[in-house]
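Read through the structure below, which is laid out as C-alpha cells, and then see the notes.
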Amino acid sequence: MEKTWRWFGKKDKITLGMLRQIGVEGIVTALHEVSNGEIWTEEAIRDLKEYIESYGMRWSVVESLPVCEAIKYAGPERDSLIEKYRISLANLGRCGIKTVCYNFMPVLDWARTDLRHPWPDGTTSLYFDYVRFVYFDVKILQREGAQKDYSADVLRKVEELDRTMTEQDRHQLVENIIVKTQGFVNGNISEGDAEPVRKFKDLLALYDGLTAERLRANMKYFLEAIMPVCDEYGINMCVHPDDPPMDRVFGLPRIVTNADDVRWLLKAVDNFHNGFTFCAGSLSAGAYNDVVAMAREFAPRTHFVHLRSCDVLPGGNFIEAPHTAGRAHLVELIRIFEKEGRNLPMRVDHGKDILGDAEGGYNPGYGFYGRMWALGQVTGMMAAVADENSKN
Ligand code: DNO
Numbered sequence: 002m003e004k005t006w007r008w009f010g011k012k013d014k015i016t017l018g019m020l021r022q023i024g025v026e027g028i029v030t031a032l033h034e035v036s037n038g039e040i041w042t043e044e045a046i047r048d049l050k051e052y053i054e055s056y057g058m059r060w061s062v063v064e065s066l067p068v069c070e071a072i073k074y075a076g077p078e079r080d081s082l083i084e085k086y087r088i089s090l091a092n093l094g095r096c097g098i099k100t101v102c103y104n105f106m107p108v109l110d111w112a113r114t115d116l117r118h119p120w121p122d123g124t125t126s127l128y129f130d131y132v133r134f135v136y137f138d139v140k141i142l143q144r145e146g147a148q149k150d151y152s153a154d155v156l157r158k159v160e161e162l163d164r165t166m167t168e169q170d171r172h173q174l175v176e177n178i179i180v181k182t183q184g185f186v187n188g189n190i191s192e193g194d195a196e197p198v199r200k201f202k203d204l205l206a207l208y209d210g211l212t213a214e215r216l217r218a219n220m221k222y223f224l225e226a227i228m229p230v231c232d233e234y235g236i237n238m239c240v241h242p243d244d245p246p247m248d249r250v251f252g253l254p255r256i257v258t259n260a261d262d263v264r265w266l267l268k269a270v271d272n273f274h275n276g277f278t279f280c281a282g283s284l285s286a287g288a289y290n291d292v293v294a295m296a297r298e299f300a301p302r303t304h305f306v307h308l309r310s311c312d313v314l315p316g317g318n319f320i321e322a323p324h325t326a327g328r329a330h331l332v333e334l335i336r337i338f339e340k341e342g343r344n345l346p347m348r349v350d351h352g353k354d355i356l357g358d359a360e361g362g363y364n365p366g367y368g369f370y371g372r373m374w375a376l377g378q379v380t381g382m383m384a385a386v387a388d389e390n391s392k393n
C-alpha cells in the first residue's frame with residue numbers, strides 16, 4: 002500500500018517537508034478554499050498538484066469532493082450541481098488525479114461527542130457517548146418526534162444527564178457534534194457561525210420525510226450520472242462509510258453502514274470505478290460489523306484505505322483505540338489489502354492526542370504526533386507483512 006497522509010493545504014501547520022521526513026509518499030487533500038458546489042478548476046488543481054510534487058510526493062487522493070445536500074435529497078438544483086461535479090472530476094482526471102473519496106451522509110458528516118477523552122497514560126482520544134448524542138437531539142435540537150426514536154431507558158438517562166449539564170457543557174456538546182468536527186470536512190457549518198443549531202435544523206428540514214429507499218435512489222442517480230466521466234478518465238470514486246455506522250441519525254437515514262449496504266451500492270452501479278473507502282475505524286465502531294470479513298469481501302472494489310480501530314463499549318458508546326488494538330485488526334487488514342497488489346493508497350486515520358497535540362490547534366483527530374506515532378506503528382506492521390510475503 003502507498004503511505005499517504007491527510008494534509009489540509011498550504012495553511013496546514015504540518016508542512017509537506019515534515020511529512021517527507023516521516024515516510025509519507027502520497028498526499029490526501031482537497032481544494033479546501035473552494036465552497037461546496039463550486040467547480041474545481043484545472044488551474045487550481047494543477048497549482049496544488051505541482052506544489053505537492055515539488056516536495057517529492059504526489060497528490061494521491063482527493064478527500065473529499067463534497068456532494069452537495071441537494072444532490073442527496075434530490076432538490077431542484079440537483080442536475081446542475083451534478084454537472085458541476087462532473088466538470089470537477091474531468092478537471093481532476095486531466096491533471097492525473099484519479100482517486101476521489103466522498104460520502105453520502107445527510108447533513109452531518111462524522112460525529113463524536115467528546116474530542117478529549119482521557120486515557121490513564123495522559124493521552125486523549127475521540128469518543129462517542131450515545132446518551133450525550135441523544136441529549137443533543139432531544140434537549141438541544143429539540144427535534145420534533147425525536148423521543149420516539151429512542152428507548153425509555155435511554156430517555157431516562159438523558160433526563161438524568163440533564164440535571165447535571167451546565168450551559169458550558171451544552172455549548173461544548175454543540176461545538177463537538179456540529180461545529181468543530183464539521184467545518185474542516187464539509188462546510189455546512191463553520192467555526193464562527195452565529196447560530197449553528199438553527200442552521201443545522203434548517204438543513205435537516207430539507208430532508209423532511211426522506212426514506213432510506215429514496216436516499217438510495219438518489220445515490221444511484223448520482224453515481225450513474227458521473228460514471229461516464231470516471232470511465233473516460235479512469236477515476237476511481239470511493240464512498241466513505243457513514244460514521245458512526247448507525248442506520249438513522251437525527252431522524253435521517255444512513256445507507257453506508259454495514260456489509261449489506263456496501264453490497265447494495267457496489268451492485269446498484271456495477272462498475273469498478275464505483276468503489277469503496279475501507280475506513281476500518283468507522284466500520285469497527287459498529288458491533289455488528291466483522292471488519293476482517295468485510296475487507297476480504299470488498300477488497301476488489303476498495304480504492305482507498307483508512308487504518309484506524311475502535312472499541313465498542315456498552316450502551317452504544319465507542320472509543321477510538323490505539324492502532325495496534327481495538328476490533329479492526331489492522332495487521333490482518335494490511336495482509337488482505339496488500340494481496341490486492343494495486344498499491345492502494347492508505348492513510349492512518351485519526352490518532353490519539355499525545356505529547357502536546359492537544360495544544361497544537363489541529364483539527365480534531367488530526368494532531369501531528371499521534372498520527373505520526375500511528376504511521377510508525379502501521380509502517381512496522383506493513384514491513385512485517387512484506388517479510389511474511391517474501392517467505393511465501
Ligand atoms: C473524518 C473523516 C470524514 C471523511 C469524509 C469523507 O475524520 O473520516 O470526515 O473525510 O466523510 O467524505
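Everything in the sequence shown is counted per this note's numbering, starting at 2 for the first residue and increasing by one. In this text, a Cβ means the ideal position worked out from N, Cα and C, and glycines have one as well. Just so you know, these numbers come straight off a predicted model, no measurement behind them.
The ligand DNO has no heavy atom closer than 8 Å to the beta-carbon of HIS118. Here ARG21 is exposed, its C-beta having fewer than 16 other C-beta atoms within 10 Å. Judged by DSSP secondary structure, THR100 falls outside any alpha helix (DSSP H) and instead within the beta strand (DSSP E) spanning 100–103. Taking a 10 Å sphere around the C-beta of PHE273, we find fewer than 16 other C-beta atoms and assign the residue as exposed. Between GLN173 and the set GLU161, VAL186, MET383, GLU192, the nearest pair of CA atoms involves GLU192. If you check the CB distance, LEU82 and CYS102 do not come in under 9 Å.
Each of GLY24, TYR128, ASP122, GLY18 was checked against the Cα of GLY282, and the nearest Cα belongs to TYR128. Within the segment 190–265, the complete alpha helix (DSSP H) segments of 4 residues or longer fall at 197–206, 213–234, listed in chain order. Distances from the CB of HIS324 to the heavy atoms of the ligand DNO are all 8 Å or more. By alpha-carbon distance to THR30, the top candidate from ILE88, GLY76, LEU93 is LEU93. For ASP115, the enclosing beta strand (DSSP E) covers residues 115–119. Annotated as proximal: PHE279 and PHE338, with beta-carbon spacing under 9 Å. Residue state for ILE83 is assigned as helix, using DSSP reduced to three classes. The distance from the Cβ of LEU334 to that of LEU376 is about 15 Å, inconsistent with a contact at the 8 Å cut-off. Within the segment 125–198, the complete alpha helix (DSSP H) runs of at least 4 residues fall at 131–136, 153–163, 168–175.
Set against 8 Å, the gap from the CB of TYR131 to the closest heavy atom of the ligand DNO is not smaller.
Within a 10 Å sphere around the beta-carbon of PRO77 sit fewer than 16 other beta-carbons, which makes this residue exposed. Beta-bridge analysis with DSSP links MET347 to LYS4, VAL306. Going by beta carbons, GLY184 and ILE190 fall inside the 9 Å limit. The straight-line gap separating the alpha-carbon atoms of GLY287 and VAL35 is approximately 33 Å. By the 16-neighbour rule on beta-carbons within 10 angstroms, PRO254 is buried. For the pair LEU205 and VAL108, the CB atoms are nearer than the 9 Å cut-off.
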